[in-house]
Structures are given as structure tokens and as C-alpha cells.
Amino acid sequence: MQTNRMEAFSDGVIAVIITIMVLELRPPHESSVAAILAVLPSFIVYGLSFLVVAIMWVNHHHLLRAAKRADTALLWANNNLLFWMSLIPFVTGYLGANHREPLSVACYGGVLTMTSLGFLLLQWTLAKQNGDSDVEILKFCRIRMKATLAMLIYASSIGLAYWRVEISYAIYVIIPAMYFWPEKRSV
């Protein structure tokens, strides 16, 4: 089975996710600086979520290049990732409306943790298809290390939200930034 249909489906789902997020943004009803400042948290959370979804899309695109076939395991791993990504608009809206509340901050971290876990599962499924090449094994190890680190740090943001929401917010900014740091290539 070819992977191009799976990739096209995934691209469509991700486009809908981004569309839903932007449609949830509500402009202020008044024309004042105070009104803009009141909706600013929603715009900031939207921007952060857009960046997270964009990073996931780019990495998903690169990861699927390694797919030899769209077997059942790969299709379900991909659907699992898309499910968790589809919850990002919900937690984005919830966090934007309740940006100082530990529960909304923790829920955001929970969905990002599960999305990262979904990405790891997809990566692991693809690695099983490509286990015969030393270069591919090394490439998948680098991807797995970064994704595992992101997942663990996102998971820590859940509990930290109940102590200091600011630390969780820092995590939500640091993880996407991590994907822009250049990697050392050994191969």
C-alpha cells in the first residue's frame, strides 16, 4: 500500500486543525488598548500552538519519507498521532480563556505530552520498517532522543502547572525552540 494517501489524509487533518484554531480566535468588541490586551493571551497561545502543529507537520513530512509501505501498524500509529493533534485546538482555546489556571495549563501539557508520545509511536513503527540500514537506525535514534526528551519535559509541565504556571509556560516555549537548534550530524 502506498504512503501518499496517508500523507495526503494527514496533511488535510493538520490543515483542519490549524483552521479550527484560527476560527476560535475572537476579536475584541471594543476598539481600545485594554480590549486588545484582554484577548492577547488567546493570540499568544494560538501562535504557540500554531508553531507546535507546524513543527509536528514538518517532522511528520520528513518522517514519512522513510516509509516503505503504509501497513496497518503505520496507519494506526499515524491515526493515533492525528487524534492527539486534533485535541490541540480544544486545549488552545481552553488555555487562552483560562491562562492563569493550573488545570488549563496542565491540560495543554497533557495533550502535548500525548501528541509527543503519538509521534514517538509513529517513529518507532517506521523504524521497524527500516531496521536494516545503519544510517537509518542512527537517524531514527536521533529523532527518538529528541522526541523522547520533548515528551518527558512536556509531561513534567503537567505537575509543574500546579506549582508555578510560569514554569509550564517556559516549557511550552523551550520545546518548540529546541526544534530550531542545529543538530550535530555524525553521518
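For the sequence shown, my numbering gives the first residue as 6, with consecutive numbering after it. In this text, a Cβ means the ideal position worked out from N, Cα and C, and glycines have one as well. These numbers come from a predicted model, not from an experiment.
Quiz item: Quick one: what's got a C-beta closer than 6 angstroms to residue 148's C-beta in the same chain, skipping five residues either side?
Solution: 128
Quiz item: Unbroken alpha helix (DSSP H) runs of length 4 or more, entirely within the stretch 73-109: which are they?
Solution: 77-91 and 93-102
Self-check item: Sequence-distant residues of its chain with Cβ nearer than 6 angstroms to residue 134 (five each side left out)
Solution: 73
Quiz item: What residue ranges within the stretch 141-192 form continuous alpha helix (DSSP H) runs of no fewer than 4 residues, ordered along the chain?
Solution: 170-183
Practice problem: Could you tell me whether the Cβ atoms of residue 118 and residue 159 are closer together than 8 angstroms? | Solution: yes
Quiz prompt | The alpha helix (DSSP H) enclosing residue 54, as first and last residue numbers | solution = 38-69
Practice problem: For the stretch 22-29 and the stretch 68-85, state whether three or more C-beta atom pairs, one from each stretch, are separated by less than 8 angstroms. | Solution: no
Quiz item: Do you know whose CA, among 76, 47, 161 and 157, lies nearest residue 11's CA?
Solution: 76
Exercise. Assign residue 191 to buried or exposed, taking buried as 16 or more other Cβ atoms, counted over all protein chains shown, within 10 Å of its Cβ.
Key: With a pLDDT of 49 at residue 191, under the threshold of 50, the modelled position of this residue cannot be trusted, and the question is left open.
Quiz item: What's the call for residue 94, buried or exposed, on a 16-neighbour Cβ count within 10 Å?
Solution: buried
Quiz item: What is the rounded straight-line gap between the Cα of residue 123 and the Cα of residue 180?
Solution: 16 angstroms
Quiz prompt | Inter-residue Cα distance where the pair is residue 182 and residue 50 | solution = 15 angstroms
Quiz item: residue 30 by DSSP, collapsed to three states: which one?
Solution: coil
Quiz item: What residues in its chain sit with their C-beta under 8 angstroms from that of residue 40, if we drop five residues either side in the sequence?
Solution: 33 and 34
Quiz item: When you compare only the Cα positions, how much space is there between residue 116 and residue 17?
Solution: 20 angstroms
Quiz item: Between the C-alpha atoms of residue 111 and residue 101, what's the straight-line distance to the nearest angstrom?
Solution: 13 angstroms
Quiz item: Is DSSP giving residue 135 helix, strand or coil here?
Solution: coil
Exercise. Give me the Cα-Cα distance between residue 9 and residue 62, rounded to the nearest whole angstrom.
Key: 15 angstroms
Quiz prompt | Own chain partners of residue 146 with C-beta closer than 8 angstroms, once the 5 adjacent residues on each side are dropped | solution = none
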